[in-house]
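Taken in order, these protein sequences are the chains called A and B.
In terms of UniProt numbering, the first sequence opens at residue 1 and continues consecutively.
In terms of UniProt numbering, the second sequence opens at residue 1 and continues consecutively.
Cβ coordinates follow ideal geometry from the N, Cα and C atoms, glycine included.
Working notes, structure below.
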Amino acid sequence: MTDVPSPQGWVRSEDAPRLPAPPNTTGPVGWMLTNLFSSPMNSVLTILGASFVIWIAWGVIDWALIRGVFTGEDREACVAVPNSGACWPYVWAKFHQFVYGFYPFDQRWRVNICFIVGAVTLATMAMPSLPYKKWNALFLLVVYPLMTFVLLTGGNLNLSSATIYFITGALLFSALVVPIAAFGIEEGIQRNKLALILAGIAVAIWLVSLFVSMPEINAFGGFISVATLINLLLLTAAAVLSIGHRASTRDIAARSALLGWVGAVSAIIAVLVLVTADFGLVQVETQQWGGLLVTLVVAVTGIVAALPLGILLALGRRSKMVVVRLFSIVFIEVWRGVPLITVLFMASIMLPLFLPEGTNFDKLLRALVGTALFSAAYMAETVRGGLQAIPRGQYEAAQALGLSYWRMMNLIVLPQALKIVIPGIVNAFISLFKDTTLVLIIGLFDLLGIINASFSDPKWVSPQTGTTGYFVAALMFWVFCFAMSRYSLFMERRLATGHKRRGI
Amino acid sequence: MTAVIDEARPQRVSAFNDPKIRSRVAQIIFLLLVLWLGYEIIHNTAVNLARLNKTFDYKFQFLWTTAGFDIIQRPIEYTRDSTYFRAILVGFLNTLIVAALGIFFATVIGFIIGIMRLSSNWVIAKIATGYVELIRNIPLLLQIFFWYAAVLKPLPGPKESVNFFDLAFLSNRGLVTLKFIWGEGSGYIVIAFILGVVGALAVGHWAKRRQERTGEQFHSFWAGLGLIIGLPLLAFLILGGPVTFEYPVFKGFNFVGGFTILPELIALVLALSIYTASFIAEIVRAGIMAVSHGQTEAAHSLGLRSQPTLRLVVIPQALRVIIPPLTSQYLNLTKNSSLAVAIAYPDLVAMGGVVNNQSGRAVEVVLIWMFIYLSLSLVTSAFMNWYNARVRLVER
Numbered sequence: 001m002t003d004v005p006s007p008q009g010w011v012r013s014e015d016a017p018r019l020p021a022p023p024n025t026t027g028p029v030g031w032m033l034t035n036l037f038s039s040p041m042n043s044v045l046t047i048l049g050a051s052f053v054i055w056i057a058w059g060v061i062d063w064a065l066i067r068g069v070f071t072g073e074d075r076e077a078c079v080a081v082p083n084s085g086a087c088w089p090y091v092w093a094k095f096h097q098f099v100y101g102f103y104p105f106d107q108r109w110r111v112n113i114c115f116i117v118g119a120v121t122l123a124t125m126a127m128p129s130l131p132y133k134k135w136n137a138l139f140l141l142v143v144y145p146l147m148t149f150v151l152l153t154g155g156n157l158n159l160s161s162a163t164i165y166f167i168t169g170a171l172l173f174s175a176l177v178v179p180i181a182a183f184g185i186e187e188g189i190q191r192n193k194l195a196l197i198l199a200g201i202a203v204a205i206w207l208v209s210l211f212v213s214m215p216e217i218n219a220f221g222g223f224i225s226v227a228t229l230i231n232l233l234l235l236t237a238a239a240v241l242s243i244g245h246r247a248s249t250r251d252i253a254a255r256s257a258l259l260g261w262v263g264a265v266s267a268i269i270a271v272l273v274l275v276t277a278d279f280g281l282v283q284v285e286t287q288q289w290g291g292l293l294v295t296l297v298v299a300v301t302g303i304v305a306a307l308p309l310g311i312l313l314a315l316g317r318r319s320k321m322v323v324v325r326l327f328s329i330v331f332i333e334v335w336r337g338v339p340l341i342t343v344l345f346m347a348s349i350m351l352p353l354f355l356p357e358g359t360n361f362d363k364l365l366r367a368l369v370g371t372a373l374f375s376a377a378y379m380a381e382t383v384r385g386g387l388q389a390i391p392r393g394q395y396e397a398a399q400a401l402g403l404s405y406w407r408m409m410n411l412i413v414l415p416q417a418l419k420i421v422i423p424g425i426v427n428a429f430i431s432l433f434k435d436t437t438l439v440l441i442i443g444l445f446d447l448l449g450i451i452n453a454s455f456s457d458p459k460w461v462s463p464q465t466g467t468t469g470y471f472v473a474a475l476m477f478w479v480f481c482f483a484m485s486r487y488s489l490f491m492e493r494r495l496a497t498g499h500k501r502r503g504i
Numbered sequence: 001m002t003a004v005i006d007e008a009r010p011q012r013v014s015a016f017n018d019p020k021i022r023s024r025v026a027q028i029i030f031l032l033l034v035l036w037l038g039y040e041i042i043h044n045t046a047v048n049l050a051r052l053n054k055t056f057d058y059k060f061q062f063l064w065t066t067a068g069f070d071i072i073q074r075p076i077e078y079t080r081d082s083t084y085f086r087a088i089l090v091g092f093l094n095t096l097i098v099a100a101l102g103i104f105f106a107t108v109i110g111f112i113i114g115i116m117r118l119s120s121n122w123v124i125a126k127i128a129t130g131y132v133e134l135i136r137n138i139p140l141l142l143q144i145f146f147w148y149a150a151v152l153k154p155l156p157g158p159k160e161s162v163n164f165f166d167l168a169f170l171s172n173r174g175l176v177t178l179k180f181i182w183g184e185g186s187g188y189i190v191i192a193f194i195l196g197v198v199g200a201l202a203v204g205h206w207a208k209r210r211q212e213r214t215g216e217q218f219h220s221f222w223a224g225l226g227l228i229i230g231l232p233l234l235a236f237l238i239l240g241g242p243v244t245f246e247y248p249v250f251k252g253f254n255f256v257g258g259f260t261i262l263p264e265l266i267a268l269v270l271a272l273s274i275y276t277a278s279f280i281a282e283i284v285r286a287g288i289m290a291v292s293h294g295q296t297e298a299a300h301s302l303g304l305r306s307q308p309t310l311r312l313v314v315i316p317q318a319l320r321v322i323i324p325p326l327t328s329q330y331l332n333l334t335k336n337s338s339l340a341v342a343i344a345y346p347d348l349v350a351m352g353g354v355v356n357n358q359s360g361r362a363v364e365v366v367l368i369w370m371f372i373y374l375s376l377s378l379v380t381s382a383f384m385n386w387y388n389a390r391v392r393l394v395e396r
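Written out as structure tokens, the structure is:
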């Protein structure tokens, strides 16, 4: 009924019935034929490859599970069985050490709190769909480091009276910025001449006191140099003048400048109070830290400190100011040109030489300074990549709107550039995380270091202890790094658009 | 009238708001800060050194004192009576040996894995992916320890060593293998080899010219290979075999004769090349992916088969993307070879460390390290810049 006879012959007027695809191109068989056995050569490769994988996998399973020893109290359990595989009792016995090092047993809850809070905030930060990113970042970058510092070390820092006077002076001095921030440099200076003169006298006295010793008097429950006393008085007067003058005006700019200053100063004071306050926590020396704790502390501190430094260096490298650009280039290239191990040696041997006599420096802190500077150079190059990816038009548009350099960077360029380089930052963190193992060479016990050290425990010496230990270390590092690299890939896909090629 | 003139005159900007002046002032302040910091560091170092009864040996005189320690791997003449300078030189050469071997093996493995990742064979591609994901997520130092302490050290002693056809013996003392003894007239073999290389290059050049002129192809690769291998072989036969081999023989407790490759070196080269290969594989893959698929299709439609397509169209374009990150991986490998110090392979850093321990010249040793590594990286980046300029896309 659908076939219509026509002069030209026969014309089909409806679709032919759809036939299923040939059976050897669909389903598992079709998939295998195209991906595994498309040619004799490919078939041979497939079989060879599959046998190789099975051989490796079987070797690992056989060693870890089938021949592995699971129970026992000491080395006897692992030595007794002939041709035994992995020595797991050793891992059970030492696992707490792998995580906490020699951190006092009854204080490990402090480490746990840091781990849990860090994991939760980092997870919420990493998920792009969750809100309050700004507050989360603020917590993660400011509050969390402080919290961990107090919790892990026990806080209760002792600041010398000289340091306290210096900080007080610096905070008072910073009040001079308020009128400048409110009215611009020119007007701000003119309105605040008296305070500036007072502050200038204070600075002059401070400079003189560096070379000439001044008499000391008894005040504030200790000895204080006359110069310091006069300086503090002068700076207080200058600060009162700067602030008092501004407070009287009802100008919005003046008020916001004042509020900003008060906020910054109270934040700094809060930090100082926090780290010096006695929370009743037992002091834990960093020599007792170890294992995963040290690995994470070094890696996280390294990256958190490297981020702002790296941004500044990247901006410096693209700056129009010759001196700044030259300095940034030299700094970045020197750190990137030398191996981390020499940087760590330098930090542990030479840093104490660089600092004024009597400055006592913790071994862990030295390593932290070294890694932070080292990764800052790498971070700078990552960030520079992001800055270069921002079209010129963005800079020009920002300048056309009359934004100053810092506002242009803060409001327009950096938010876009940093978003692009999130995968790069995660990758930098991965390599830093792996590189933290190097601190064992300067005598710190990170995860690998503590596992390495545990081999010499006579209670657990057996032919398989070493291999088992390295297996566990590799597994722990791998889990961390693999998870982060997946995250970096995920962000890359989220941020990137475009067409990519698959296969040769 | 005067009002017009006032408007026409450029407004005088106050000095505070002149961007030029502000930039200059900022730079001067920055420079002063940097100089002050530098002064502080140098001054503090001098004071601290003086406190420790030391001085900075700015002429590096200490390098000429007798070292008095042994080194387990000496590519050049070195004894206990040699100087610190010679010890550091030995360390530097050892670094170069590790780096060269590592770069060679890393490149070979990396290219194989990278191409495997793009294979249409699912199993092969997944093996390569597994390799990359496994190896690059485990710290290098851990891998060095693994090869050294968990694989090579538990090997049996020299007596029960693994025998490779009596040519090489693998034991916990390392790999003992044949030693070449260069006899009388063996210099001619080297000359023949050089001639072979030159001849191969000339043949390649001639074949290319002829193909451009006439379209006829010539298998210059096989001809060149024949020249490079054949000429030295011919020289060897004509001269009556001036090169002899010394076979390692087991005597008493250890091997006598032969050439020993230290387990430290094997572990280091293995770990470095396997680790770096995982990064090189990714670079190779990215490089090939960067060549647009249209290039392959165009080559196919011109009638090129897939092998010449790869060789003549895809790889030359991919190399442009591959070479710069590849050189920086080579540099990374060279820098990472400093981890040798962890398993006591006598490289530059390890030797510097020993010299520092003996002489107490920490500042000087660190400066030597930094100078050598910085020179290496500067040379590499100079090469990279030269190459980038050479292969840059020439656009109209």
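Here LYS320/A carries a coil assignment [DSSP, helix/strand/coil]. With contacts defined as CB atoms closer than 8 Å, TYR373/B and LYS335/B qualify as a contacting pair. Counting along the chain, the unbroken alpha helix (DSSP H) around LEU48/A starts and ends at 40 to 61. The alpha carbon of ASP81/B has as its nearest neighbour, out of ALA15/B, THR66/B and ILE315/B, the alpha carbon of THR66/B.
Counting along the chain, the unbroken beta strand (DSSP E) around GLU246/B starts and ends at 243 to 246. Distance check between TYR165/A and each of LEU233/A, PHE95/A and SER462/A places LEU233/A closest, using alpha-carbon atoms only. ASN24/A is positioned such that its CB atom lies no closer than 8 Å to that of LEU36/A. Under the three-pair Cβ rule at 8 Å, the segment 273 to 289 of chain B counts as touching the segment 125 to 135 of chain B.
Spatial neighbours of VAL341/B in its own chain (CB-CB distance under 8 Å, excluding positions within 5 residues in sequence) are listed in chain order as ASP347, VAL349, ALA350 and GLY353. Spatial neighbours of PHE245/B in its own chain (CB-CB distance under 6 Å, excluding positions within 5 residues in sequence) are listed in chain order as LEU178. In this structure, DSSP gives GLY185/B a state outside helix and strand, which the three-state scheme calls coil. At a C-beta separation below 9 Å, LEU101/B has no neighbours in chain A, since its nearest C-beta there lies roughly 18 Å away. Identification of chain A residues near SER301/B by a Cβ-Cβ cut-off of 7 Å yields none; the smallest Cβ-Cβ distance measures about 16 Å.
Segment contact: the segment 87 to 103 of chain A against the segment 286 to 298 of chain A, three or more CB-CB distances shorter than 8 Å; contact assigned. Taking the Cα of ASN48/B as reference, the smallest distance to any Cα among GLN283/A, GLN399/A, GLU357/A and VAL111/A is reached at GLU357/A. For the pair PRO263/B and ASN163/B, the CB atoms are not nearer than the 8 Å cut-off. For TRP122/B, the closest Cβ of chain A is nearer than 8 Å.
In this structure PHE104/B is exposed. Its beta-carbon is surrounded by fewer than 16 other beta-carbon atoms within 10 angstroms. Interface with chain B (8 Å Cβ-Cβ cutoff): PRO356/A is included. In this structure, DSSP gives THR79/B a state outside helix and strand, which the three-state scheme calls coil. Separation of SER209/A and SER278/B (C-alpha to C-alpha, rounded to the nearest whole angstrom) is 59 Å.
At a cut-off of 4 residues, the continuous stretches assigned as alpha helix (DSSP H) that sit fully inside the segment 299 to 360 of chain A are 322 to 337, 340 to 349 and 351 to 354.
DSSP lists GLU216/A as the bridge partner or partners of SER225/A. In this chain, the alpha helix (DSSP H) harbouring ILE280/B covers 263 to 290. Annotation for PHE250/B: no alpha helix (DSSP H) segment contains it, though the beta strand (DSSP E) segment containing it runs 249 to 251. Ranked by Cα distance from PRO154/B, the options ILE189/B, ILE323/B, GLY174/B and TRP222/B are led by GLY174/B. Out of PHE149/A, LEU296/A, PHE331/A and ALA204/A, the CA that lies nearest to the CA of GLY310/A is found in PHE331/A.
Distance from the CA of ARG407/A to the CA of VAL413/A, rounded to the nearest whole angstrom, comes to 9 Å. Residue environment: LYS208/B is assigned as exposed (fewer than 16 neighbouring CB atoms within 10 Å of its CB, all protein chains considered). In the three-state DSSP reduction, GLY72/A falls in the coil class, being neither helix nor strand. Classified as exposed, MET41/A has fewer than 16 neighbouring CB atoms from the shown chains inside 10 Å of its CB.
Using a CB distance below 7 Å, the part of the segment 476 to 487 of chain A facing chain B consists of PHE477, TRP478, CYS481, PHE482 and SER485, ordered along the chain. Comparing C-alpha distances from SER454/A to each of ALA473/A, ILE197/A, ILE54/A and ALA204/A shows the shortest one belongs to ALA473/A. The three-state reading of DSSP puts GLY370/A in helix, counting H, G and I together. Inter-segment contact for the segment 374 to 390 of chain A and the segment 424 to 433 of chain A is present: three or more beta-carbon pairs are separated by less than 8 Å. Counted as a single uninterrupted DSSP element, the beta strand (DSSP E) harbouring PHE164/B occupies residues 162 to 164.
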